[in-house]
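This report concerns only the one structure given below.
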Amino acid sequence: MTTDSISAPNPSSTSLNTDHSTNKRENEFNDSNSASKKSKYENELKTCSAKGEASSTRGSKIEEKLFAIEADAAEDKGLRQTMEDAWVVLHDARLDFTGKLRCAHFAIYDGHGGRLAAEYAQKHLHVNVLSAGLSRELLDVKCSKKAILEGFRKTDEVLLQESAAGGWQDGATAVCVWVLGQTVSSIMDYA
């Protein structure tokens, strides 16, 4: 399992193309210059104003440049009889947890031998990561990494118990991205 944290020091150079619609994908593969073209789903920079208090007694406005996030998902089972994969697109992953820090979560769960494990991870991993204390007030990379790993550990532990009780023969690997404020963290679990 590997984790990476990437801060976006220069938001004006940050862009993610997350268009995964099958019709556009076919056209892009046929076009040799598609990598240089910008899609309508490419993230744009937006300036958001947040009210804050300076260290002195008078108030001030703090401008924070945030990059916009847009994501789509599509699935294609290919030649298999059933779709074994699952995905998550949560632009606001805070759920019922409070916090000021923007929190988004995107994941792909690659099912192996069935879909049950991928669906379990799809429903429970992000909740377990938030429950483990993913920072939602101030960005603390060390605490965030610990919460993400603990969320994976708990999900894996309960998934193994449920799969043993239910006689599941399948499994899943995961690729996840968390966006906290302007920091992007990714974690990949390789089989």
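Numbered per UniProt numbering, the sequence shown finishes at 191, counting up by one with no gaps.
Note that beta-carbon positions come from the ideal geometry of N, C-alpha and C, so glycine has one too.
Cβ-Cβ separation between TYR109 and ALA174: approximately 5 angstroms, consistent with a contact (criterion under 8 angstroms). Annotated three-state conformation of THR82 is coil, per DSSP.
Taking a C-beta distance under 8 angstroms as the contact criterion, GLY133 and ASP170 do not qualify as a contact pair. Contact annotation: SER135 and SER144 have beta-carbon atoms nearer than 8 angstroms. Bounds of the alpha helix (DSSP H) holding PHE152 are 141 to 166.
The Cβ atoms of GLY151 and VAL129 lie closer than 8 angstroms to each other.
Judged by DSSP secondary structure, ALA172 falls within the beta strand (DSSP E) whose first and last residues are 171 to 180. Within 10 angstroms of the beta-carbon of GLN122 lie 16 or more other beta-carbons, which makes it buried. Counting the other CB atoms within 10 Å of its CB gives GLU157 a total below 16, which places it among the exposed residues. For HIS105, the enclosing beta strand (DSSP E) begins and ends at 103 to 112. By DSSP's assignment, LEU90 forms a beta bridge with HIS105. Distance from the CA atom of GLY99 to the CA atom of LEU139, rounded to whole angstroms, is 11 angstroms.
Around the beta carbon of THR155, 16 or more other beta carbons sit within 10 angstroms, so the residue counts as buried.
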